[in-house]
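Notes follow once the structure below has been shown.
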Amino acid sequence: DAGITQSPRHKVTETGTPVTLRCHQTENHRYMYWYRQDPGHGLRLIHYSYGVKDTDKGEVSDGYSVSRSKTEDFLLTLESATSSQTSVYFCAIRRDRGNEQYFGPGTRLTVT
Amino acid sequence: GDSVTQMEGPVTLSEEAFLTINCTYTATGYPSLFWYVQYPGEGLQLLLKATKADDKGSNKGFEATYRKETTSFHLEKGSVQVSDSAVYFCALNTGNQFYFGTGTSLTVIP
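Here is the structure:
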């Protein structure tokens with residue numbers, strides 16, 4: 458499982474509040490990714506990181522920001538949560554050798 | 879842009895039936911191709927991969943062959959089991975990004 462954990466695993470929050478999701482890895486992989494999963498859309502990339510302080514946007518980055526101050530942690534922040542951000546969020550790493558991804562267990566976020 | 883299209887589900891099969899889930903892709907360059915499986919309440923797990931044309935990925939009785947001429951990577955299994963019930967995702971990698979299909983739900987009935 459590449460030692461990936463996500464916290465929290467479940468969260469309910471109100472519209473307009475900021476929310477931060479955490480992804481933690483234990484194997485020092487350079488690349489980390491945040492996706493959201495919604496019915497009928499598969500997985501869509503929000504942001505990814507290719508090193509400490511190095512990040513880039515994905516296809517659905519509006520309303521989200523990320524930070525990576527150390528190799529093992531990649532944080533996703535919803536600056537002001539909206540109901541359209543209700544989703545399941547997955548973090549993934551890409552192994553430095555080979556190019557497959559490994560996923561965390563997911564965070565189910567509900568914005569009321 | 880790069881993208882993956884996979885067959886719509888849901889798919890329901892009887893145990894020991896033959897499985898095919900179609901996947902086609904659009905990509906510039908030479909992508910790597912993957913199949914992932916997701917069980918209820920869990921993250922995606924890598925099932926198999928292929929990194930160049932004519933490669934065959936295989937794992938747990940599942941197979942897929944990278945066909946550049948037809949831009950396809952169809953997933954097959956000769957005899958499905960109830961435990962194979964899950965959602966299957968086709969994906970491709972080019973550069974730093976990965977692109978996923980919308981997923982195909984498979985239910986296998988005894």
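Protein chains in written order, with the numbering used here: chain A, 458 to 569; chain B, 879 to 988.
Yeah, the Cβ is synthetic: ideal placement off N, Cα and C, and Gly gets one too.
This one's a predicted model, so the numbers in the text were calculated from it and none came from an experiment.
DSSP on residue i, reduced to helix/strand/coil?
{"i": "aspartate 511 of chain A", "result": "strand"}
{"i": "serine 961 of chain B", "result": "helix"}
{"i": "serine 540 of chain A", "result": "helix"}
{"i": "phenylalanine 951 of chain B", "result": "coil"}
{"i": "tyrosine 521 of chain A", "result": "strand"}
{"i": "glutamate 484 of chain A", "result": "coil"}
{"i": "aspartate 553 of chain A", "result": "coil"}
{"i": "lysine 934 of chain B", "result": "strand"}
{"i": "arginine 466 of chain A", "result": "coil"}
{"i": "alanine 905 of chain B", "result": "coil"}
{"i": "asparagine 989 of chain B", "result": "What is shown of chain B runs 879 to 988, which leaves residue 989 of chain B out entirely."}
{"i": "glutamate 516 of chain A", "result": "coil"}
Can you tell me whether residue i is buried or exposed? The criterion is at least 16 other CB atoms within 10 Å of its CB, across all chains shown.
{"i": "glutamine 463 of chain A", "result": "buried"}
{"i": "glutamate 516 of chain A", "result": "exposed"}
{"i": "aspartate 962 of chain B", "result": "buried"}
{"i": "proline 909 of chain B", "result": "buried"}
{"i": "phenylalanine 896 of chain B", "result": "exposed"}
{"i": "glycine 935 of chain B", "result": "buried"}
{"i": "alanine 549 of chain A", "result": "buried"}
{"i": "isoleucine 503 of chain A", "result": "buried"}
{"i": "lysine 946 of chain B", "result": "exposed"}
{"i": "valine 476 of chain A", "result": "buried"}
{"i": "alanine 931 of chain B", "result": "exposed"}
{"i": "lysine 955 of chain B", "result": "buried"}
{"i": "glycine 561 of chain A", "result": "buried"}
{"i": "tyrosine 521 of chain A", "result": "buried"}
{"i": "valine 960 of chain B", "result": "exposed"}
{"i": "tyrosine 944 of chain B", "result": "buried"}
How many whole angstroms separate the CB atoms of residue i and residue j, which I take to be in contact at a CB cut-off of 8 Å?
{"i": "serine 540 of chain A", "j": "threonine 472 of chain A", "result": "6 Å"}
{"i": "aspartate 880 of chain B", "j": "alanine 905 of chain B", "result": "5 Å"}
{"i": "leucine 984 of chain B", "j": "valine 882 of chain B", "result": "Actually they do not touch by this definition, with Cβ atoms about 17 Å apart."}
{"i": "aspartate 530 of chain A", "j": "arginine 479 of chain A", "result": "6 Å"}
{"i": "valine 523 of chain A", "j": "threonine 543 of chain A", "result": "That belief does not hold up - the Cβ atoms of valine 523 of chain A and threonine 543 of chain A are roughly 19 Å apart, past 8 Å."}
Can you give the Cα-Cα distance for residue i and residue j, rounded to whole angstroms?
{"i": "serine 537 of chain A", "j": "leucine 891 of chain B", "result": "44 Å"}
{"i": "arginine 487 of chain A", "j": "glutamine 975 of chain B", "result": "14 Å"}
{"i": "glutamine 923 of chain B", "j": "phenylalanine 547 of chain A", "result": "12 Å"}
{"i": "glycine 973 of chain B", "j": "glycine 907 of chain B", "result": "10 Å"}
{"i": "threonine 564 of chain A", "j": "glycine 497 of chain A", "result": "18 Å"}
{"i": "phenylalanine 951 of chain B", "j": "leucine 911 of chain B", "result": "7 Å"}
{"i": "isoleucine 461 of chain A", "j": "valine 915 of chain B", "result": "17 Å"}
{"i": "glycine 887 of chain B", "j": "threonine 982 of chain B", "result": "5 Å"}
{"i": "serine 526 of chain A", "j": "threonine 512 of chain A", "result": "11 Å"}
{"i": "threonine 474 of chain A", "j": "glutamine 494 of chain A", "result": "21 Å"}
{"i": "threonine 980 of chain B", "j": "leucine 500 of chain A", "result": "7 Å"}
{"i": "threonine 534 of chain A", "j": "glycine 921 of chain B", "result": "20 Å"}
{"i": "valine 545 of chain A", "j": "leucine 566 of chain A", "result": "6 Å"}
{"i": "methionine 885 of chain B", "j": "threonine 528 of chain A", "result": "37 Å"}
{"i": "leucine 926 of chain B", "j": "glutamate 941 of chain B", "result": "8 Å"}
{"i": "serine 518 of chain A", "j": "serine 957 of chain B", "result": "41 Å"}
{"i": "arginine 552 of chain A", "j": "tryptophan 913 of chain B", "result": "16 Å"}
{"i": "proline 988 of chain B", "j": "glutamate 893 of chain B", "result": "5 Å"}
#### Entry: the region 502-515 of chain A / the region 555-563 of chain A touching (three or more Cβ pairs under 8 Å)
no
#### Entry: Inter-stretch contact at 8 Å, needing at least 3 Cβ pairs: the region 898-907 of chain B / the region 967-976 of chain B
Contact between the region 898-907 of chain B and the region 967-976 of chain B is present, because at least three Cβ pairs lie under 8 Å.
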